[in-house]
Ligand SMILES: CCCNC(=O)[C@H](O)[C@@H](O)C(=O)O
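In our numbering, the protein residues as written are 2 to 345.
Below you can see the structure in the form of structure tokens.
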């Protein structure tokens, strides 16, 4: 049927590490642009995602850029702002008439943002939220968390010694893996203690750390205080598109964000595969109007370049989910009043 509003959320592309651990041979000067910056690999990943979406949406989007069709918002981070720019270069390569300079096959497209201190939609975990902190404290006291720490205590001690990080935990281990992953991805020699088995072990604990953020204990209430905030915003746009006249212009709602954004959203939807969202991975929502006039929502997840996005199905519905059913199923994980629900 007629297709309408398609919100999408993606993680930025390949970047340099956020930070180095104390005994890391590679400190900030080892990276051309310093810490946390999008690399040319990351730019290409995003351009490729833009091209893939251009192909997927070739019959949906106009073949020339129309400002009413698309709205892009990024967190106020160099790597996400630049990711959005690289993505748009792939999504809207200018045709002859659109080129403002015959030697440049690129056209400027606005990327909106808000100051980091005002960001309440795309950067997770959302803070301050005392009730969420209380749920995290409860999670630290859960059997699953305690056992995971106990089972890995010796390994964590070894990592603390080798890295020089004193307060290592399941919550901070992500950073050790991340830094080593970035170094490995950029062909830098890893320290001797980092064997393939150690990297595998670090990866497993890093993924547990992402589950700790939004799941393990009281997933539904955590979702109301975290990913549900973004999900609520997306639901409102889908509902608005379903009620708008058939000439509703807005076709693409693009959010350029982070791994925690995707994990928070997918945990709220209960479709998280427990694997950290890869670079330039993208969660797609597609709203359709069926021949009977009713609306349905389909979701897809593109987490491997060169592969078609795979369908996601919200538990309790089929892949092509009637909009009303989608709203019913997601009601429990969107907050009625975030400020109020954060109070303890
Ligand atoms: C404290 C550092 C938080 N990490 C980030 O902001 C990164 O962008 C991370 O979210 C990612 O997607 O790599």
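The beta-carbon is built from N, C-alpha and C at its ideal position, and this holds for glycine as well.
| query | result |
| --- | --- |
| Among 63, 70 and 26, the one whose alpha carbon lies nearest that of residue 255 | 70 |
| Near ligand 1: residue 79 beta-carbon under 7 Å from a heavy atom | no |
| As assigned by DSSP and simplified to three states, the class of residue 313 | strand |
| Exposure label - residue 259; buried when at least 16 CB within 10 Å | buried |
| Residue 176 (DSSP reduced to helix, strand or coil) | helix |
| Coarse secondary structure for residue 290, derived from DSSP in three states | strand |
| Residue nearest to residue 66 in terms of C-alpha spacing, selected from 307, 198, 43 and 108 | 108 |
| Residue 258 in three-state terms, based on DSSP | strand |
| Euclidean distance between Cα positions of residue 200 and residue 253 | 38 Å |
| Three-state class that DSSP yields for residue 9 in the structure shown | strand |
| Proximity of residue 232 and residue 203 at Cβ, strictly below 8 Å | no |
| Where residue 4 sits in the DSSP three-state scheme | strand |
| Cβ contact (3+ pairs, closer than 8 Å) linking the segment 176 to 187 and the segment 211 to 228 | no |
| Cβ contact (3+ pairs, closer than 8 Å) linking the segment 71 to 79 and the segment 43 to 61 | no |
| Proximal residues to residue 99 (C-beta, below 7 Å), its chain only, five neighbours per side dropped | 65, 66 and 108 |
| Reduced DSSP category for residue 120 - H, G, I as helix; E, B as strand; rest coil | coil |
| Proximity below 8 Å, CB of residue 336 to CB of residue 342 | yes |
| For residue 24 and residue 242, the rounded distance between their alpha carbons | 53 Å |
| C-alpha gap between residue 299 and residue 7, whole angstroms | 10 Å |
| Cβ-Cβ distance between residue 171 and residue 206 below 8 Å | yes |
| Cβ-based neighbour list, residue 32, same chain, cut-off 8 Å, excluding 5 preceding and 5 following | 17, 18 and 38 |
| Sequence-distant residues of the same chain with beta carbon closer than 6 Å to residue 265, five excluded per side | 125, 215, 227 and 228 |
| Proximity test, residue 303 beta-carbon vs ligand 1 heavy atom, cut-off 7 Å | no |
| Option nearest residue 86 by Cα separation, candidates 101, 114, 61 and 313 | 114 |
| Residue range of the alpha helix (DSSP H) that includes residue 200 | 197 to 215 |
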